[in-house]
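Numbering (our numbering), first residue to last: 6 to 739. Glycine residues also receive a C-beta, built at the ideal position from the N, C-alpha and C atoms. Please read all numbers here as calculations on a predicted model, not as lab measurements. Reading through the C-alpha cells given below for one structure.
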C-alpha cells in the first residue's frame, strides 16, 4: 500500500473495518438459519469508518437485504429471546430491537454470549435513533448522526422528511463526506494506493487529475445467489477498457472477495455501500464525466433511473443505454407493448397487484403459470403453479403483493427449449456474441441450467430468427453496450421470455468460449466507439467447438434445501467444459463441478410417467455398458417391457424391502436419475432421496435431458482418453 514499509511493519490503523457475511436464506426459506461450525454464507461485505458505529451501519446497508438499517419491528419478545440465545443471521437485528424496547445491555450480552463492548456500541446507535425521532433535526444533530453512519433515508424516515430534503439540508450546511485513504500506517508514511472510504470529518484525501476524463463503474456488491463473481469479471474488464482508452477508471464496490476491490486494479477505488446516497457522494466528489451501471447486475441497474434524475443538469451522464430504455425492458407492461409493436411472440401474461387480480389473470391464460415478483434477480420468488390453491399459498406465504410490489404472471411453456443470447450493440449495428441452449427444458432458472454453446438442436431457420429478434430488440431499445435475451423455442416457434438491458452472468462464459471480450467491447461502445471501428463487422459467428456451462450448488452446506431445479436460482457458481467433442466437453464440465460420474456400478432410476420414454435410451445405454439398473415399481415395469433387466427397490413411504436408501448407503447404487412427480408421496420420497444423495456426494440427475447428457459423457469416456488443447487454439478464428 505504501510501497516503502516492509512486510514485518506492524499495521497501525486509524479506522475501523467491519465484515458482515451475506447469507442465502432469502432464497432458501426452508433452511435451518442457525449458525454454527458449518459455513452457510455465500458472500460478504466490508465497510470502513472512523468508528465502529459508522462502519457497522455502512456494512448493514451494503448487504442489500431489503433493509438499510438495524430495524426489525415485527419480532415478538419470544422471537427476540430465541435469536439472542441461538445465533442466526437475524441476531444483530434482534439485539438492536431488544435495546430499542429497553432491555438491559448486560442481560442481552449474557444471553447472546457477546462482549458487552459491542452491545453498548449498538445501544449508542439506538440512543441516536431516539434523539432523531424526538428532537428537531438541527445541523448539529444531523452532523452527529452522519458521523455515526446514519444514511439520509433513515434520518428522513425518523424525522418525517423526504430523503432529498435531508440531502439538501446537509449540502446547505456543508455537512459533506470526506474520503480518507486506506494506508495501514495511520498516515506515518505516504500511501501510494488510491483506495478510499468515506467519513464525516475534515480534510479530504481523494484528489484527481482534472485534465483526464473520469468514468465510475458501479460494482455488484456482495456475492449472493443470483448475483455472483460473473459481474465482477465484467467490472474488471470494463476498467481495463477505460484505462486502454486513457480514461480514469473508478470503482465503487463493497465486496472484499472480488478482483475489482483489489487496490491496484482501478485508478481509484471507493469502498462504499451501493446506495443512491453513497454513489452520488462519490460522483460529486469525483466530478465524473460518466457512470456505468451495466456491469453490476441488478444492484446497479436498479439505481439507473434515480441516478439519471439526480444527475440532471450536471455533466455526469449514465453511459450507454438510457435508463428510460432500461425501464422499458424491466417494466412488464412497457415491454409487452414493445414486443407487440415488433411482432415478437410472448407467452400470454399479466401483472397482478392483489390475489384477486393474480387469480383472474392465471385463470384467463390457463395453468400452469410462471409467477414471480417484479424487479428481482436470480428468479427470487419464482415458481411454476398448477392450480388456484397453489396460487393462494404462494401469495399468502412467498411474497407481499401490493400496488408497489406486483407479481408477474406468464403462461408456462411446457417442454420448450430455452435459449440465452448475449448481445453488444452500438445503437446502429448489433453483434450476437453467443446463443446458448439450455439442456434442461424451460422452467429451470438460467443461472442453474446446464448450457451448451453453440446450440445443438436448433434448425438453421430458428437460429436465423433468434439472430433477427436479437437485432430488432437491441435496436428498438437503442441498446448501447450489453443486452441479454431469454427466449424459448416450442413447436418451431420462438417466444420472448425477457430481456435484461445489461451484462448477464453468461458474459464471462461466452467471452472465454469464443475469445471475444464482450465486456470490454461494451465499454468501448459506451465511450463512443462503433462495432465497425472495433472490427466486429459480422452479426454472429458460431464456434467450431463446444463449451458447456455447468452450475455448482451449495446443497451439502445447507440442510433442508431440496436439490430439485426450479425457476428460482439455487446455484452459487459455475464451471466450463470445452472440447471439440460435445460429450467430452460435458464430461469435463461434470468433473469440474464436483460431480464424479461413475464408470461402473449401479444406477437408480425413478422418473415420472411423462419422462419414462425420454430416459429409455440412456438407461438402455447404461445397461449395455454393464451397469446394474435399480428402479421403483412403475419405472421397473416400464423398463422390463422395453427389454432392460431391472431390480425393483422401494421408497420410504412404501415400507417394503429392499429400500433404495439402503442400497445407496451400502454402495450398490452409485448414481440416481430422478425426475419429480406432483404426487404428494412422491414429492416427499423424492426429496428424501435427493437429500441423501447430496450427503453421500452421489451424482443425481433431475431432468431427462441432463440424464441423457451425463450418460453420453460416461459412454464416450469409457472408450476415449482426454487430450489437452490450449485456449488459444480454440480461438483460432481470431
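Beta-carbon spacing of residue i, residue j below 8 Å
i	j	result
residue 304	residue 503	no
residue 511	residue 574	no
residue 131	residue 101	yes
residue 435	residue 480	yes
residue 156	residue 286	no
residue 390	residue 376	yes
residue 698	residue 616	no
residue 206	residue 55	yes
residue 211	residue 273	yes
residue 810	residue 250	As shown, the chain starts at 6 and ends at 739. That puts residue 810 outside it, with no answer to give.
residue 595	residue 579	no
residue 79	residue 30	no
residue 456	residue 425	yes
residue 613	residue 704	no
residue 494	residue 590	no
residue 720	residue 584	no
Inter-residue spacing [alpha-carbon to alpha-carbon] between residue i and residue j
i	j	result
residue 730	residue 586	12 Å
residue 36	residue 564	6 Å
residue 63	residue 314	24 Å
residue 208	residue 185	8 Å
residue 509	residue 566	26 Å
residue 728	residue 600	20 Å
residue 104	residue 81	14 Å
residue 331	residue 529	19 Å
residue 598	residue 76	39 Å
residue 412	residue 352	16 Å
residue 419	residue 393	18 Å
residue 174	residue 218	30 Å
residue 686	residue 658	Residue confidence for residue 686 is low, a pLDDT of 44 falling below 50, so the modelled location carries little weight; the figure read from the coordinates is stated next. Between residue 686 and residue 658, the C-alpha separation is close to 7 Å.
residue 539	residue 350	33 Å
Helix, strand or coil at residue i [DSSP, three-state]
i	result
residue 283	helix
residue 733	helix
residue 484	coil
residue 393	helix
residue 701	coil
residue 456	strand
residue 1	Lying outside 6 to 739, the shown extent of the chain, residue 1 is not represented and no answer is given.
residue 664	strand
residue 13	coil
residue 610	strand
residue 295	strand
residue 569	coil
residue 582	strand
residue 50	strand
residue 465	helix
residue 4	Here the chain covers residues 6 to 739 and nothing more, so residue 4 does not appear.
residue 417	coil
The alpha helix (DSSP H) enclosing residue i, as first and last residue numbers
i	result
residue 27	Run containing residue 27: none in the alpha helix (DSSP H); it sits in the beta strand (DSSP E), 21-27.
residue 340	337-347
residue 239	234-249
residue 114	110-117
residue 591	587-597
residue 628	617-629
residue 746	No answer is possible for residue 746: it lies beyond the span of the chain, which begins at 6 and ends at 739.
residue 228	Careful: residue 228 lies outside any alpha helix (DSSP H) and carries neither H nor E.
residue 174	168-177
residue 67	57-67
residue 361	360-370
residue 145	144-152
residue 741	The requested residue 741 is not part of the displayed model; the chain covers only 6 to 739.
Residue i - containing beta strand (DSSP E), residue span
i	result
residue 721	Where residue 721 is concerned, there is no enclosing beta strand (DSSP E), although the alpha helix (DSSP H) it sits in stretches over 709-722.
residue 679	676-679
residue 793	With the chain covering only 6 through 739, there is no way to say anything about residue 793.
residue 204	200-204
residue 440	435-446
residue 375	374-378
residue 501	498-505
residue 633	633-636
Next on the checklist: For the stretch 450-470 against the stretch 303-320, do three or more pairs of beta-carbon atoms, one drawn from each stretch, fall closer than 8 Å, so that the two count as touching?
Outcome noted: no
Next on the checklist: With a threshold of 8 Å, are at least 3 pairs of Cβ atoms found where one atom belongs to the stretch 222-229 and the other to the stretch 245-260?
Outcome noted: yes
Next on the checklist: Measuring CB atoms only, is the stretch 473-492 touching the stretch 387-401, in the sense that at least three cross pairs come out at less than 8 Å?
Outcome noted: no
Checklist entry - Are there three or more Cβ pairs, one per stretch, closer than 8 Å when the stretch 282-301 is compared with the stretch 236-247? => result yes
Checklist entry - If we count Cβ pairs, one from each stretch, closer than 8 Å, do we get three or more for the stretch 538-551 versus the stretch 262-272? => result no
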